[in-house]
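Visitor: Under our numbering, the very last position in the sequence shown is 816; numbers go up by exactly one each time.
Glycine included, every Cβ here is placed at the ideal spot set by N, Cα and C.
These numbers were taken from a predicted model, which means no experiment stands behind them.
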Amino acid sequence: MKQVTLGSTGITVPQNGFGALPIQRISLEDAAGLLRRAYEGGMRFFDTARAYSDSEEKVGYAFDGMREKIYIATKTQAKDVKTFWEHLNTSLEKLRTDYIDIYQFHCVDQCYRPGDGTGMYEAMLEAKAQGKIRHIGITTHKLMVAEEIIESGLYETLQFPFSYLASEKEVALTRACLEKNMGFIAMKGLAGGLINHSDAAMAYMTQFENVVPIWGVQKEKELEEWISYMEQTPEMNEEIAAYIEKEKKELSGDFCRGCGYCMPCPAGIQINNCARMSLMLRRAPSAAWLTEYWQGEMKKIEGCLDCKKCMSKCPYSLKTPELLKRNYEDYQKVLAGEVKVQ
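Right, dumping it as structure tokens:
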């Protein structure tokens with residue numbers, strides 16, 4: 475397994491990080507078991523966020539007493555200085571630590587700068603001066619914002635969606651970070667669950683010397699796959715390259731990544747699942763998506779208010795109401811037996 479240094483932070487870890495968003499869905503003890511197994515298997519970089527309900531608490535519980543053996547990155551979605559400090563102090567408490575290795579502005583729409591009137595970047599500098607954080611990072615889903623962040627030279631790490639479905643513009647971000655000696659943390663390496671071959675996902679990442687992917691892990695079986703790559707890391711070859719090319723053709727165009735930033739929906743629609751239902755039906759056993767429960771959830775699309783709030787919050791600028799309606803039409807055809815799926 476390749477070791478990657480995250481730019482000027484000097485943090486060097488295996489190219490195989492743990493994304494702790496999904497552990498908010500499981501019990502404290504189950505989450506602790508996963509996290510400790512990840513450590514035993516060689517993972518050293520763990521990424522969470524204040525916004526992930528009790529994820530930080532679970533990370534803190536799992537690694538209590540062994541803080542110096544791991545690197546922890548977390549995030550704040552604060553929009554003002556007061557909330558910034560509240561989030562930071564809460565994160566420190568939940569994580570059972572007196573410092574955070576990389577503290578990140580979470581899912582930003584702008585590049586915070588000194589003197590921009592928000593006081594946000596100055597708060598980061600003060601937190602670093604106090605020793606509460608060691609490195610300043612930032613995350614975004616928007617390409618133009620990411621480009622501005624890199625050009626600013628103000629941040630030590632960028633976290634951005636990155637997988638083998640990436641466009642050349644997104645690949646260019648990794649090169650720009652390398653030139654700026656900036657760490658690149660790859661979120662959504664499985665494109666929100668649409669990528670279902672971990673070996674191809676891992677092989678793709680090995681091509682980039684400055685990228686640390688954080689895989690969202692919720693189940694032991696998933697974790698064991700990633701751990702197995704510590705000893706036998708998949709490498710890009712002709713077979714995997716051909717498979718990735720086929721995947722890119724199938725998944726080209728506008729599709730929902732399932733990030734959930736559009737939620738909640740005023741009409742109660744589970745947008746992050748319903749807007750990509752057609753793909754899920756074809757890329758996973760369909761029976762799980764054709765239950766009475768999911769039929770009811772999809773039917774809610776009929777009540778779409780067309781308020782376009784989801785569009786205004788979508789980091790990928792998708793025309794979400796249209797996407798929902800197309801997925802609903804396809805879903806009805808599948809239910810009627812007009813379209814065959816797995």
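Over what stretch of residues does the alpha helix (DSSP H) that includes Tyr535 continue unbroken?
Guide: Ser529 to Ala536
Visitor: Only counting the same chain, and skipping five residues up and downstream in sequence, which positions put a Cβ closer than 7 angstroms to that of Cys748?
Guide: So the list reads Glu771, Met772, Ile775, Leu798 and Asn801, once near-sequence residues are dropped.
Visitor: Less than 8 angstroms between the beta carbons of Met704 and Ala677, yes or no?
Guide: no
Visitor: Looking at the unbroken beta strand (DSSP E) that takes in Trp700, where does it start and where does it end?
Guide: Per DSSP, Trp700 lies in no beta strand (DSSP E); the unbroken alpha helix (DSSP H) holding it starts and ends at Glu694 to Glu705.
Visitor: Residue range of the alpha helix (DSSP H) that His561 falls in?
Guide: Unbroken alpha helix (DSSP H) run through His561: Val555 to Leu569.
Visitor: What do you get for Gln489, buried or exposed, if any count of 16 or more other CB atoms within 10 angstroms of its CB means buried?
Guide: buried
Visitor: Within 10 angstroms of the Cβ of Ser791, are there 16 or more other Cβ atoms? Answer buried if so, exposed if not.
Guide: With fewer than 16 other Cβ atoms within 10 Å, it is exposed.
Visitor: Assuming Val815 and Leu725 form a contact by the criterion Cβ under 8 angstroms, report the distance between their Cβ atoms to the nearest whole angstrom.
Guide: Taking the Cβ atoms as the reference, Val815 lies roughly 16 angstroms from Leu725, outside the contact range of under 8 angstroms.
Visitor: Quick one, are the C-beta atoms of Gly491 and Phe519 less than 8 angstroms apart?
Guide: yes
Visitor: Does the beta-carbon of Pro687 have 16 or more other beta-carbons within 10 angstroms, so that it is buried, or is it exposed?
Guide: Classification of Pro687: buried, given that the 10 Å Cβ count is 16 or more.
Visitor: Can you list, in chain order, the residues of its chain whose CB lies under 6 angstroms from that of Ala660, leaving out five sequence neighbours each side?
Guide: Phe636, Val685 and Pro687
Visitor: Does the beta-carbon of Tyr802, which I'm using as the reference point, lie nearer than 7 angstroms to any heavy atom of the ligand NAP?
Guide: Annotation note on the ligand NAP: not contained in the displayed structure, which lists no ligands.
Visitor: Name the residue from Ile500, Phe537, Glu531 and Asn670 whose alpha carbon lies nearest to the alpha carbon of Tyr513.
Guide: Phe537
Visitor: Expressed to the nearest angstrom, what Euclidean distance is found between the alpha-carbon atoms of Glu719 and Phe579?
Guide: 34 angstroms
Visitor: To which residues does DSSP link Leu632 through a beta bridge?
Guide: Ile612 and Phe658
Visitor: Please say whether Val645 and Val619 have beta carbons closer to each other than 8 angstroms?
Guide: no
Visitor: In the DSSP output, which residue or residues are listed as bridge partners for Pro687?
Guide: Ala660
Visitor: Taking all protein chains shown into account, decide if Tyr767 is buried (16 or more other Cβ within 10 angstroms of its Cβ) or exposed.
Guide: exposed
Visitor: Going by C-alpha to C-alpha distance, which of Tyr595, Ala505 and Lys602 sits closest to Ile574?
Guide: Lys602
Visitor: Could you check how far apart the C-beta atoms of Lys662 and Ile624 are, in whole angstroms? I think they sit under 8 angstroms.
Guide: That belief does not hold up - the Cβ atoms of Lys662 and Ile624 are roughly 18 angstroms apart, past 8 angstroms.
Visitor: Distance, Cα to Cα, Glu683 vs Lys476?
Guide: Spanning the two alpha carbons is a distance of roughly 8 angstroms.
Visitor: Per the DSSP calculation, Thr486 is bridged to which residue(s)?
Guide: Paired residue(s): Thr479.
Visitor: Could you check the C-alpha separation between Leu869 and Lys543 for me, to the nearest Å?
Guide: Outside the displayed span of the chain (475 to 816) sits residue 869, for which this structure offers no information.
Visitor: Between which residues of its own chain and Gly742 is the CB-CB distance below 8 angstroms, once the five residues before and five after are set aside?
Guide: Lys774 and Gly777
Visitor: Go through its chain and collect everything with a Cβ distance to His615's Cβ below 8 angstroms, but skip five positions before and after it.
Guide: Cys581, Phe634, Pro635, Cys733, Tyr735, Pro789 and Tyr790
Visitor: Between the beta-carbon of Glu699 and the beta-carbon of Leu639, is there less than 8 angstroms?
Guide: no
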